[in-house]
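Working notes, beginning with the structure itself.
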Amino acid sequence: MTFEFLSEFSQNFSHLFDDADDYNVKIIVGEIPYTKEFRAHSVILRARSPYFKRALSQYWTIEKNRMIEFKKPNISPTVFEMIIKYIDIFSYNLKRRMMY
1 MTFEFLSEFS
11 QNFSHLFDDA
21 DDYNVKIIVG
31 EIPYTKEFRA
41 HSVILRARSP
51 YFKRALSQYW
61 TIEKNRMIEF
71 KKPNISPTVF
81 EMIIKYIDIF
91 SYNLKRRMMY
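Here it is, written out as structure tokens:
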């Protein structure tokens, strides 16, 4: 029973990064013309990353229409996508642990 709950929880959690509904953070990475916009949920970013906990504070971000806009021109979209996937690794690790 615990296994089923954790498995379902893990799947639901991982879908938050894929789901654009209800996001409240737009992260624009890269330099023009090589920019990409990522959409995320601040609560997940803050919970999973000490960097984002600080970076998404009221002192570092710009908020427009209840949307946090965060710009990272000094990182490539490809590298940032890997970072976002790493933050989402929780779901992968949880599934893997349950297999053993």
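For the sequence shown, UniProt numbering assigns the number 1 to the initial residue and increments by one for each residue that follows. Where is the CB? At the ideal position from N, CA and C, for every residue including glycine.
Beta-carbon proximity of residue i to residue j, cut-off 8 Å
i: Ile-27; j: Lys-72; result: yes
i: residue 156; j: Val-29; result: There is simply no residue 156 to check, as the chain begins at 1 and stops at 100 in what is shown.
i: Ile-75; j: Ser-49; result: no
i: Phe-80; j: Phe-52; result: no
i: Pro-77; j: Tyr-34; result: yes
i: Trp-60; j: Arg-54; result: yes
8 Å contact criterion, which residue i and residue j should meet: CB distance rounded
i: Ile-68; j: Ser-42; result: 6 Å
Residues bridged to residue i (per DSSP)
i: Phe-38; result: Ile-27
i: Glu-63; result: Ile-68
Option in the options with minimal Cα separation from residue i
i: Ala-40; options: Pro-50, Ile-62, Phe-70 and Asn-65; result: Phe-70
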